[in-house]
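Chain order of the listed sequences is A and B.
Residue numbering for the first sequence is 1 to 132, as defined by our numbering.
Residue numbering for the second sequence is 1001 to 1125, as defined by our numbering.
One structure is given here, and the rest of the page talks about it.
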Amino acid sequence: MVWTLSVNLETDTDTLRAARHMVYATVKHEGLSEEKARELELATGEALVNARAHAYTNGTGPVTLDLTSQTEAFVVAIHNAGAPVSPPEVPVSLPAYPAGRGLYLISALVDDVKITTDGKRQGLSITITKRR
Amino acid sequence: MSGPDPGVYPMVLFEIRTEDVHDAILIHVHGEVDLATAPTLQDALRSAIQSGRHVVVNLAEVTYFDLSGFRVLVEAKDALGERQALAVSGSTPLVHKVIDIMQLGTLLPVAHTLPEALDLVRSHG
């Protein structure tokens, strides 16, 4: 069965932690292995930290998180409503400088990462896919 | 009806215990290292480095470790004195994976056990 769980949150550190805990607990409950669930939790956590760091000047702002359960995978989509920017490239090797390291770590933990803009909404969306 | 699995998230989300073993300071980290808790690890590392002794960070009981933890370790390595060494020990699958992906082993000695980590810092020239 395909379903999506959607939450609206603020990017303060306590809420970010609660959000990644929710992703971990949900995918674990849905049968994902401990190792893969931890990897998806960390990828989600880094994506939320990125939203906090890059989208909002004072660190806190609204983010939506959609967790979708598909037959073959779990998909976490995080959208921030920050200033419009062009989507960054996902580095293919470990960056020498801090910029991009979060994205690199995310891409190494999951099976697919996409960063997109949506003409109708402000900000960026990151979509991460973890196969079951 | 069964209750939640108590092993999934421990009551203590984050705790640091510092142990003094004459020539080294061991920093035992429990729980989750993230944006909110990394500054506490940073403080513990700064005090340990100020002592002038070797430092070992034991991550065996760590359940979450993000880039803020990684940054604190790299920063600590840069603050070491000439006669000091810093090593990391313990690796749950997740911590091992982060260390691997971020190539922490190229910056710091990484050991699987505490005794191995102590040997590594003590062999520092």
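We put the beta carbon where it would ideally sit given N, CA and C, even for glycine.
Thinking C-alpha only, which one of the options is nearest residue i?
| i | options | result |
| --- | --- | --- |
| B:S1091 | B:A1117, B:R1053, B:F1014, B:V1021 | B:A1117 |
| B:T945 | B:K1077, B:Q1042, B:V1056, B:A1048 | Because chain B here runs from 1001 to 1125, residue 945 of chain B falls outside it and cannot be looked at. |
| A:P88 | A:Q70, A:G100, A:H21 | A:G100 |
| A:T57 | A:D66, A:A83, A:A96 | A:A83 |
| A:A25 | A:S93, A:F74, A:P98, A:S86 | A:F74 |
| B:V1095 | B:N1058, B:S1051, B:V1121 | B:N1058 |
| A:V90 | A:M1, A:A37, A:N50, A:A18 | A:N50 |
| A:A37 | B:L1107, B:D1119, B:P1093, B:P1115 | B:P1093 |
| A:P98 | A:A18, A:M1, A:A53 | A:A53 |
Determine, for residue i, whether the minimum Cβ-Cβ distance to residues of chain D falls below 9 Å.
| i | result |
| --- | --- |
| B:L1059 | As a matter of chain content, chain D is missing from the structure shown, whose protein chains are A and B. |
Considering only residues of the same chain and omitting the five flanking positions on each side of residue i, which have a CB-CB separation below 6 Å?
| i | result |
| --- | --- |
| B:P1004 | Note on B:P1004: pLDDT 46, under 50, position unreliable in the model; no value is reported. |
| B:Q1042 | V1072 |
| A:H79 | T64, S125 |
| B:D1066 | D1034 |
| A:E46 | G102, L105, I106 |
| B:E1061 | H1030 |
| A:L5 | L67 |
| B:A1079 | I1049 |
I'd like to check one pair, residue j with residue i: are the Cβ atoms closer than 9 Å?
| i | j | result |
| --- | --- | --- |
| A:A55 | A:G119 | no |
| B:L1073 | B:L1086 | yes |
| A:T127 | A:T116 | yes |
| A:S69 | A:V113 | no |
| B:V1110 | B:I1101 | no |
| A:E35 | A:R20 | no |
| B:A1038 | B:G1081 | no |
| B:A1036 | B:T1018 | no |
| B:R1046 | B:A1076 | yes |
Kindly list the residues whose CB is nearer than 7 Å to the CB of residue i, restricted to its own chain and excluding five residues on each side of it in sequence; keep chain order.
| i | result |
| --- | --- |
| A:P62 | N8, E10, A81 |
| B:S949 | Past the boundaries of the shown model lies residue 949 of chain B; chain B is included only from 1001 to 1125, so the question cannot be answered. |
| A:L109 | E39, L42, A43 |
| A:V23 | L40, E41, T44, L67, V76 |
| B:E1032 | L1013, F1014, T1063, Y1064 |
| B:S1002 | Low confidence applies here, because B:S1002 scores a pLDDT of 45, under 50, leaving its location unreliable and the question unanswered by this model. |
| A:V85 | L124 |
| B:L1108 | L1073, K1077, L1086, A1087, V1088 |
Which residue or residues does DSSP assign as beta-bridge partners of residue i?
| i | result |
| --- | --- |
| B:N1058 | B:H1028, B:S1089 |
| B:V1139 | Residue 1139 of chain B cannot be examined here, being either before or after the span of chain B that is shown, 1001 to 1125. |
| A:S86 | Per DSSP, none; premise fails for A:S86. |
| A:A73 | A:R131 |
| A:R117 | Strictly speaking, residue 117 of chain A in this sequence is Thr, with Arg absent from that position. Paired residue(s): A:L124. |
| A:N8 | A:T64 |
| B:E1019 | B:L1026 |
| A:L80 | It is worth fixing the name first, because residue 80 of chain A is Asn in this sequence and not Leu. In the DSSP output, where bridge partners are listed per residue, A:N80 has A:V63. |
| B:V1033 | B:F1065 |
| B:F1014 | B:G1031 |
| A:D149 | Residue 149 of chain A lies beyond the stretch modelled for chain A, which goes from 1 to 132, so this question has no answer here. |
Which residues in the same chain as residue i place their Cβ atom closer than 8 Å to its Cβ, once the five residues preceding and following it in sequence are excluded?
| i | result |
| --- | --- |
| B:T1040 | F1014, I1016 |
| A:W3 | T68, S69 |
| A:D111 | A73, T129, K130, R131 |
| B:A1048 | T1018, I1025, I1027, V1055 |
| A:L94 | R101, Y104 |
| A:R121 | H79, A81 |
| B:S1051 | I1025 |
For a test of your reading of the model: does the CB of residue i fall under 8 Å from any non-hydrogen atom of the ligand NAD? Yes or no.
| i | result |
| --- | --- |
| B:G1031 | Inclusion of the ligand NAD in the displayed structure is not the case, the ligand content being empty and no account of it being possible. |
Take every Cβ of the region 1025 to 1036 of chain B, pair it with every Cβ of the region 104 to 120 of chain A, and state whether three or more of those distances are shorter than 8 Å.
no
Validate contact between the region 25 to 32 of chain A and the region 8 to 16 of chain A using beta carbons, cut 8 Å, 3 pairs
no
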